[in-house]
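Read the structure below first, then the notes.
Numbering (the numbering used here), first residue to last: 17 to 558.
Spelled out as structure tokens, the structure:
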């Protein structure tokens with residue numbers, strides 16, 4: 017509605033004094049309001065990166081020299097200058113998103129509308145892009161409307177609106193909105209990690225937070241210290257019990273189901289577009305574990321996982337899956353029966369008339385009889401939370417979260433031993449994200465081995481048994497979450513950050529000596545804060 021792709025049924029939308037329903041103004045409105053969509057493939061039209069960025073300025077009739085300057089500046093802003101001559105289809109998902117953003121920036125819009133535009137970016141790229149957006153607002157007066165599920169981005173806004181069922185249910189500054197924690201949770205949203213830690217500590221200690229006290233990072237740290245200090249004034253007998261009852265991770269090492277040795281891959285070798293995607297990759301994935309795979313945009317994650325079911329053949333090195341060779345045709349056919357792969361945009365994997373038929377497609381291809389097909393479809397639908405009514409609907413009528421569940425169910429109906437998920441929660445609201453990840457945990461409990469690719473350090477740290485970090489196509493780190501996120505590994509060099517819960521505790525550790533910082537969610541963080549608080553009491557004469 018803001019850039020006249022839709023027209024209002026009632027009421028008015030006015031942009032720079034122009035009504036969007038006026039056909040004489042539609043092109044100027046769309047120039048002024050540049051929109052970056054959630055899926056960058058929907059906006060890419062050029063045969064090379066720089067041609068795609070030039071598409072908008074060319075259609076605006078800009079002079080050739082001005083087009084050249086606009087393209088160069090836009091590519092530099094999103095750090096794609098070195099890829100200017102590359103075909104867009106060779107870019108990673110995150111790089112494609114940067115390209116879509118550059119195409120809008122090249123048209124010098126007055127208003128930038130971002131529809132989950134950072135959902136496929138790695139943490140540092142997301143931070144750099146939001147810094148760029150803030151700079152454009154500050155120095156050039158750009159107006160930004162940011163539709164996002166990243167609460168850290170919401171903190172950067174001047175005004176926040178929460179939309180539910182087509183209505184605005186709350187508005188205000190970030191301070192005002194994030195003070196309404198119960199409303200946020202009821203709407204399927206969450207709050208920034210630091211705010212969540214302060215809130216949960218407040219509730220565990222039964223001590224109230226002050227209004228708008230914990231919205232900022234520093235404010236939340238001061239709130240935590242105040243709450244702990246007030247707790248120290250209580251009698252020793254009123255100490256709070258810890259809630260963390262997680263069982264320790266098993267130390268047993270089951271047999272590997274995936275083995276990679278010295279895997280390397282080059283795209284378009286021997287041509288001007290030659291690109292080294294993977295170099296000397298070696299690792300194992302064990303049966304029944306969740307194996308996390310992280311890295312910056314373009315680090316080689318998607319290329320790597322496509323070797324695991326033979327979509328890409330190994331040029332150099334060895335790939336063994338379930339004891340089979342993933343480079344031979346005979347073994348690849350067997351592997352694909354046992355290894356399910358869900359891509360970044362699972363809606364692209366849906367094509368049948370009904371959800372039931374879509375889920376049943378794989379089992380039918382296996383030549384199973386109808387009773388067995390129906391059993392598998394209903395079991396897979398139950399695992400991912402699809403109702404009988406949804407099974408009879410067209411998959412294209414489903415919401416984004418439901419489409420992902422349907423796509424996952426289609427893979428699960430094959431009853432794979434290994435499930436590979438490439439950014440399964442990207443772009444989903446927090447409730448949809450949690451639903452998908454909870455489905456994943458249920459799958460693991462049935463014995464499925466899971467390879468999880470994600471840009472969410474929190475999800476990877478919380479769910480993974482072991483983690484592989486890729487950087488520039490090479491192994492940057494490999495180990496358990498406590499090893500990868502200990503601080504000994506330079507994650508920022510790999511385009512990543514520590515999980516926010518760990519970073520928050522590390523910032524507090526100078527004031528709380530002995531604080532265990534290895535917490536992968538807000539509940540664990542509060543447990544560690546309370547444990548440190550109780551351990552410190554004897555030293556203070558308690």
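Backbone N, C-alpha and C define an ideal beta-carbon position, used for all residues, glycine too.
Worksheet item: So, is residue 185 buried or exposed, given that buried needs 16 or more other C-beta atoms within 10 angstroms?
Response: Counting Cβ neighbours within 10 Å, residue 185 comes out exposed, since fewer than 16 surround it.
Item to complete: Note down the Cα distance separating residue 68 from residue 512, rounded to an integer number of angstroms.
Response: If you take the alpha carbons of residue 68 and residue 512, they lie about 28 Å apart.
Practice prompt. Starting from residue 140, trace the alpha helix (DSSP H) both ways and give me its first and last residue.
Written response: Residue 140 -> alpha helix (DSSP H) spans 139-156.
Worksheet entry | Residue range of the unbroken alpha helix (DSSP H) whose run includes residue 202 | Under the DSSP assignment, residue 202 falls in the alpha helix (DSSP H) whose first and last residues are 197-202.
Practice prompt. Could you check the C-alpha separation between residue 406 and residue 155 for me, to the nearest Å?
Written response: Going from the Cα of residue 406 to the Cα of residue 155 covers about 49 Å.
Discussion item. Cutting at 7 Å between CB atoms, please list the residues of its own chain near residue 197, excluding the five before and the five after it.
Written reply: Within the same chain, residue 197 has close Cβ partners 207, 215.
Worksheet item: Taking C-alpha atoms, which residue in 87, 543, 199, 64 lies nearest to residue 289?
Response: Considering only 87, 543, 199, 64, the residue with the shortest C-alpha distance to residue 289 is 64.
Practice prompt. Output the distance between the C-alpha atoms of residue 232 and residue 76, rounded to the nearest integer angstrom.
Written response: Distance between the alpha carbons of residue 232 and residue 76: 42 Å.
Worksheet entry | Cross-strand partners of residue 177 (DSSP beta bridge) | Partner(s): 187.
Item to complete: Enumerate in chain order the residues of its own chain whose CB-to-CB distance from residue 101 is below 6 Å, with the five nearest sequence positions on each side excluded.
Response: Apart from the 5 residues on each side of it in sequence, residue 101 sits with its Cβ closer than 6 Å to the Cβ of 64 in its chain, given in chain order.
Worksheet entry | With 16 other Cβ atoms within 10 Å as the buried cut-off, status of residue 497 | By the neighbour-count rule (16 or more Cβ atoms within 10 Å), residue 497 is buried.
Fill in: Distance, residue 476 Cα to residue 451 Cα
Rounded to whole angstroms, the separation of the alpha carbons of residue 476 and residue 451 is 15 Å.
Worksheet item: Is the region 324-332 touching the region 277-285 in the sense that three or more CB pairs, one from each, lie closer than 8 Å?
Response: The answer is yes - the region 324-332 touches the region 277-285, with three or more Cβ pairs under 8 Å.
Worksheet item: Can you tell me whether residue 80 is buried or exposed, with buried defined as 16 or more other CB within 10 angstroms of its CB?
Response: Flag for residue 80 reads exposed.
Discussion item. Within 10 Å of its beta-carbon, does residue 565 have 16 or more other beta-carbons around it, so buried, or fewer, so exposed?
Written reply: There is no way to answer for residue 565, as the model of the chain reaches only from 17 to 558.
Practice prompt. Leaving aside the five residues before and after residue 218 along the sequence, list all residues of the same chain whose C-beta is less than 7 Å from its C-beta, in chain order.
Written response: Residues of the same chain with a CB within less than 7 Å of the CB of residue 218, apart from the 5 flanking positions on each side, are 224, 225, 243 in chain order.
Worksheet entry | Residues near residue 177 in its chain [Cβ-Cβ closer than 6 Å; skip 5 each side] | For residue 177, same chain residues with a beta-carbon under 6 Å away, outside a window of 5 residues either side, are 184, 187 in chain order.
Worksheet item: When the Cβ atoms of the region 481-495 are set against those of the region 310-320, are three or more pairs found closer than 8 Å?
Response: Result yes; three or more Cβ-Cβ pairs closer than 8 Å.
Worksheet item: Whose C-alpha, out of 433, 430, 453, is nearest the C-alpha of residue 441?
Response: Selected option, being the one with the closest Cα: 453.
Worksheet item: Relative to the C-alpha of residue 548, which residue among 42, 62, 241 is closest?
Response: Checking every option, the nearest Cα to that of residue 548 belongs to 241.
Item to complete: Note down, one range per segment and in chain order, each beta strand (DSSP E) of at least 3 residues found wholly within the region 203-239.
Response: Here no run is fully enclosed.
Fill in: Best match in 460, 551, 195, 376 for proximity to residue 171 [C-alpha to C-alpha]
That would be 195, whose Cα lies nearest to the Cα of residue 171.
Fill in: Distance, residue 457 Cα to residue 399 Cα
Using only the alpha carbons, I get a separation of about 10 Å.
Worksheet item: Thinking C-alpha only, which one of 166, 152, 517 is nearest residue 120?
Response: When 166, 152, 517 are compared, the shortest CA-CA separation from residue 120 is found for 152.
Practice prompt. Assign residue 480 to one of two classes, buried (16 or more other C-beta atoms within 10 Å of its C-beta) or exposed (fewer than that).
Written response: Counting other Cβ atoms within 10 Å of its Cβ, residue 480 reaches 16 or more and is therefore classed as buried.
Item to complete: To the nearest angstrom, report how far apart residue 520 and residue 95 are at their CA atoms.
Response: Between residue 520 and residue 95, the C-alpha separation is close to 29 Å.
Fill in: Alpha carbon of residue 212 to alpha carbon of residue 228, nearest angstrom
Rounded to the nearest angstrom, the gap between the Cα atoms of residue 212 and residue 228 is 13 Å.
Item to complete: Use the C-beta contact count for residue 543: other C-beta atoms within 10 angstroms, 16 or more gives buried, fewer gives exposed.
Response: Residue 543 counts as buried, since at least 16 other C-beta atoms from the protein chains shown sit within 10 angstroms of its C-beta.
Item to complete: Indicate whether residue 393 and residue 379 have their beta-carbon atoms separated by less than 9 Å.
Response: In terms of Cβ geometry, residue 393 and residue 379 form a close pair [threshold 9 Å].
Fill in: Integer-rounded CB distance, given that residue 111 should sit under 8 Å from residue 99
About 7 Å separates the two Cβ atoms, so the contact holds.
Discussion item. Just to confirm before moving on: does the CB-CB distance between residue 70 and residue 87 stay below 9 Å?
Written reply: Closer than 9 Å, so yes.
Worksheet item: Going along the chain, which residues of its own chain have a beta-carbon closer than 6 Å to the beta-carbon of residue 180, five neighbours each way excluded?
Response: In its chain, beyond the 5 residues on either side, 203 have a beta carbon closer than 6 Å to the beta carbon of residue 180.
Discussion item. Can you list, in chain order, the residues of its chain with a C-beta nearer than 8 Å to that of residue 382? Leave out the 5 residues immediately preceding and following it.
Written reply: Shown here for residue 382: same chain residues with a beta carbon closer than 8 Å to its own, the five before and five after excluded, namely 353, 430 in chain order.
Worksheet item: Roughly how far, in whole angstroms, is the beta-carbon of residue 91 from the beta-carbon of residue 133, given that I think they are within contact range, below 8 Å?
Response: Their Cβ separation, rounded to whole angstroms, is 16 Å, which puts residue 91 and residue 133 out of contact at 8 Å.
Practice prompt. Report all residues from its chain with a CB closer than 7 Å to the CB of residue 515; omit the five preceding and five following residues, and keep chain order.
Written response: Only 473, 474, 477, 501, 536 meet the Cβ criterion.
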